[in-house]
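All remarks here apply to the structure that follows.
Protein chains: 2
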Amino acid sequence: MKKLMNEVGHYVDQMLDGMVLAHPELRRLPGTTVLVRAEKADKVALVSGGGSGHEPAHGGFVGPGMLDAAVAGEMFTSPTPDQILEAIRAVHGDQGVLLIVKNYTGDVMNFEMAAEMATMEGIHVEQVVVDDDVAVQNSTHTIGRRGIAGTVFVHKIAGAAAEAGYPLETVAAVAKRAIDNVHSMGVALSPCTVPASGQPSFQLADDEIEIGIGIHGEPGVRREPIRSADDVVDTLLDTILEDAAVQAGDDVAVLVNGLGATPLSELYIANRRIARRLAKQGVNIQQTRVAEYMTSLEMAGFSISLLKLDHELAKLLNAPATTTAWRS
Amino acid sequence: MKKLMNEVGHYVDQMLDGMVLAHPELRRLPGTTVLVRAEKADKVALVSGGGSGHEPAHGGFVGPGMLDAAVAGEMFTSPTPDQILEAIRAVHGDQGVLLIVKNYTGDVMNFEMAAEMATMEGIHVEQVVVDDDVAVQNSTHTIGRRGIAGTVFVHKIAGAAAEAGYPLETVAAVAKRAIDNVHSMGVALSPCTVPASGQPSFQLADDEIEIGIGIHGEPGVRREPIRSADDVVDTLLDTILEDAAVQAGDDVAVLVNGLGATPLSELYIANRRIARRLAKQGVNIQQTRVAEYMTSLEMAGFSISLLKLDHELAKLLNAPATTTAWRS
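Residue numbers (the working numbering), protein chains in the order written: chain A, 34 to 361; chain B, 34 to 361.
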């Protein structure tokens, strides 16, 4: 295992320190793994988070127009309820808090527990659970579909709704509509290594790829021989399009998300195929994002997320946001 | 070799297509590997470029506040003079063109040749050559110091100067001042594989790192056993600081540049050490950037760039820019 790190046990702590040292617009709550905006905003507050190892998710999406707080767990491990509660306490105002949770059993359980504790303290909390991964129905650590990179669209849209002054119930409803309309699927070309284990999360032969991989290296739907980028894109996009029921004339946003070690050039090669396929079907791409938004450490591979837009979702997606990993 | 690509010979072409399909604010000159802004600006025009494989450099820095055109060569290969000339022709207005060239023998020769051809056509062209890499004096493909990630600071500062309406000679002078004040050095944890060769550019043992690597996998100054992130940072930063003559009270900007496969979390761990070291020395960090700005395909590793700021350089660095890979 070759990692640019110091003691394994300090990985997450030192990463968070390095992040706030780079970005003075972020603040770390003392003694926690919670990043918040340096300045508190008067609106519905948004809290998300999850295991570390998916950077820039979620701290990279804290800022005006997106999240108010991100809670980091240990590597690929759900944040604890007390850390989530600290985040809720720090950012809540009069207008309540929305928790945006990726669908993993541990995350759902711990965010739920934190929500209950916050409610007992008189804080109004709502939750939405993102389950955008169309690859598998149930999987390691998850009942139902997993939450993956499409979550970033939900951060953006809920963030814009909160910034626009919508009340909590409406922000939650808009976030749910975004969740219902976002569909994702990924593929891995190589595994990643969690620092504490020191071993790759799985093994892939030199000519093999794993279709439908999760962001923690959970098994996908099948292993197949490596083939052309266009063929790989088609495999993912066919499944996504079938599930998303996207039709000619529909407006969509596309997110081509690098999992960590895949060069940006290859993500653009993938995007070429995605854009051409959608254009051929008469689908209107309103916005495309190509970068690393939700990674799996140094895993090679990528995911495609397709968000079907109505008028309001499009408006909220295009609204200004100023975070370290998303600007619009 | 596992790559997300189609035919090797179409790699650069399809990457550029995918890029303009994602970003309608970019336009590809038909029949070329040149990306330009969709809308021409009335000011000194800035052209940069170089071999492909360093994405987002340089197409990701085309846009308001930075470059007007980026010329892509084949993988790790200088763009040809005729392609550079096409870029100059497309973007030049009444106020002339500044070429920002990284110091590699092929790049310098081809940009020089294009400049001569453009001059014969009556276009006023100036050039600056970036040689920020303090690791080695001469190296494979290069006489003198190599140009690496610090080049992005030069794009930004020259871009702001052009946008502010400075005349060509002044934009060139400001760019040269940025070059004189930027110092960089990198380290590799793993090699990359150029698609056409199919073989890793060099071999590193499982416990070895290459200090002072170039962005094409050119040899560095020495191979050493892998050690802590803090120690690796210290090795790079000691060399940079010695060369940069940065002192207590100086203002600087820091760029922590991922080479391709290094997780953002590890870049932040590195930044923690950088920020603390500089603070301890009484150096004021005015701005920190942590991301992939100039990569070497899927090489693991990173580089540090330190830009010493005077009042004008700071102002230009902070001026607005709207490109796909840099916003401020």
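We put the CB at the ideal spot given by N, CA and C, even for glycine.
From the options, residue whose alpha carbon lies closest to that of residue i
i	options	result
ALA90 (chain A)	A:ARG255, A:ALA182 and A:ALA195	A:ALA182
GLY247 (chain A)	A:GLY219, A:ALA354 and A:SER230	A:GLY219
THR138 (chain B)	B:ALA71, B:THR173, B:GLY315 and B:VAL158	B:THR173
GLN47 (chain A)	B:ILE302, B:LYS209, B:HIS87 and B:VAL287	B:ILE302
ASP240 (chain B)	B:PRO258, B:VAL254 and B:LEU132	B:PRO258
THR65 (chain A)	A:VAL45, A:ALA71, A:LYS73 and A:ALA74	A:VAL45
THR355 (chain A)	A:VAL95, A:LEU62, A:ASN39 and A:HIS43	A:VAL95
ALA205 (chain A)	A:VAL266, A:ARG178, A:VAL134 and A:ASP271	A:VAL134
VAL141 (chain A)	A:ASP127, A:VAL187 and A:GLY83	A:GLY83
THR268 (chain B)	B:GLY293, B:GLN280 and B:ALA221	B:ALA221
LYS76 (chain B)	B:LEU346, B:ALA294 and B:ALA193	B:ALA193
PRO252 (chain A)	A:ALA74, A:VAL169, A:LYS189 and A:ALA333	A:VAL169
VAL285 (chain A)	A:ALA294, A:LEU292 and A:LEU311	A:LEU311
ARG179 (chain A)	A:LEU237, A:TYR199 and A:ASN136	A:ASN136
MET34 (chain B)	A:ALA347, A:SER361, A:GLY86 and A:ALA333	A:ALA333
TRP359 (chain A)	A:VAL279, A:VAL323, A:SER85 and A:ASP127	A:VAL323
TYR199 (chain B)	B:SER329, B:ASP264 and B:ASP127	B:ASP127
SER361 (chain A)	A:SER85, A:GLY86, A:LYS189 and A:ALA74	A:LYS189
ASP264 (chain A)	A:LEU292, A:VAL279 and A:ILE242	A:ILE242
Burial state of residue i (16 or more Cβ within 10 Å)
i	result
PRO296 (chain B)	buried
THR184 (chain B)	buried
MET52 (chain A)	buried
GLY250 (chain B)	buried
LYS313 (chain A)	exposed
ILE176 (chain B)	exposed
ASN171 (chain A)	exposed
GLU325 (chain B)	buried
ARG70 (chain B)	buried
PRO228 (chain A)	buried
GLU331 (chain B)	buried
PRO50 (chain A)	Note that residue 50 (chain A) is Asp in the sequence shown, not Pro. Classification for ASP50 (chain A): buried.
GLU299 (chain A)	buried
HIS43 (chain A)	exposed
GLY282 (chain A)	exposed
LEU98 (chain A)	Going by the sequence as given, residue 98 (chain A) is Gly instead of Leu. Under this definition GLY98 (chain A) is a buried residue.
ARG260 (chain A)	exposed
GLU275 (chain B)	exposed
ALA277 (chain B)	buried
GLU88 (chain B)	buried
ALA238 (chain B)	exposed
GLY19 (chain B)	The requested residue 19 (chain B) is not part of the displayed model; chain B covers only 34 to 361.
Contacting residues, own chain, Cβ-Cβ under 7 angstroms from residue i (five flanking each side not counted)
i	result
PRO114 (chain A)	ASN143, MET146, ALA147 and MET150
ALA55 (chain A)	none
VAL158 (chain B)	ILE121, GLY129, VAL130, LEU132, ALA148, ALA151 and THR152
GLN232 (chain A)	THR226
HIS125 (chain B)	ALA78 and ILE156
THR235 (chain A)	First, the residue type needs correcting, since residue 235 (chain A) is Phe and not Thr in the sequence shown. Result list for PHE235 (chain A): PRO224 and GLY250, in chain order.
LYS36 (chain A)	PRO228
LEU62 (chain A)	VAL69, GLU119 and ALA123
ALA347 (chain B)	ASP284 and GLN319
VAL27 (chain B)	A query on residue 27 (chain B) cannot be resolved here, the shown segment of chain B reaching from 34 to 361 and no further.
8 angstroms CB neighbourhood of residue i in its chain, flanking five on each side removed
i	result
ALA308 (chain B)	VAL287, ILE318 and THR321
LEU59 (chain B)	MET52, VAL53, LEU68, VAL69, ARG70, ALA71, GLY92, VAL95, GLY96 and THR357
ASN39 (chain B)	GLN47
VAL80 (chain B)	LEU100, ASP101, ALA102, ALA103, VAL104, ILE117, ALA120, ILE121, VAL124, VAL130, LEU131, LEU132 and ILE133
ALA197 (chain A)	LEU349 and ALA352
GLU202 (chain B)	GLU159
ALA337 (chain A)	The sequence shown places Ile at residue 337 (chain A), rather than the Ala named in the question. Excluding sequence neighbours, ILE337 (chain A) sits near SER217, MET218, GLY219, VAL266, LEU269, LEU270, ILE273, VAL287, LEU288, VAL289, ASN290, ALA303 and ILE307.
Other residues of its chain near residue i: CB distance less than 6 angstroms, five sequence neighbours each side excluded
i	result
ARG255 (chain A)	ILE244
ALA262 (chain A)	ILE302 and ALA303
PRO57 (chain A)	none
ALA208 (chain B)	VAL161, VAL187 and ALA191
VAL41 (chain B)	PRO228 and ALA229
Any chance the segment 103 to 110 of chain B sits against the segment 331 to 342 of chain B, with 3 or more Cβ pairs inside 8 angstroms? no
Segment contact flag, the segment 87 to 105 of chain B with the segment 118 to 125 of chain B, C-beta cutoff 8 angstroms, min 3 pairs: yes
Please list the segments of the beta strand (DSSP E) lying wholly inside the segment 241 to 268 of chain A, counting only runs of 3 or more residues, in order along the chain. 241 to 244 and 255 to 258
Any 3 or more C-beta pairs closer than 8 angstroms across the segment 206 to 218 of chain B and the segment 162 to 171 of chain B: yes
Length at least 4, wholly inside the segment 124 to 162 of chain A: the alpha helix (DSSP H) runs in chain order: 138 to 153
Counting only runs that start and end within the segment 317 to 348 of chain B, where is the beta strand (DSSP E) found for 3 or more residues in a row? 317 to 324 and 334 to 342
Which full runs of the beta strand (DSSP E) of 3+ residues lie inside the segment 79 to 113 of chain A, going along the chain? 102 to 108
Starting from the N-terminal side, write out each stretch of the beta strand (DSSP E) that is 3 residues or longer and does not extend beyond the segment 264 to 305 of chain B. 284 to 291
Start-end ranges of the alpha helix (DSSP H) lying completely within the segment 157 to 218 of chain A, minimum 4 residues: 184 to 196 and 201 to 213
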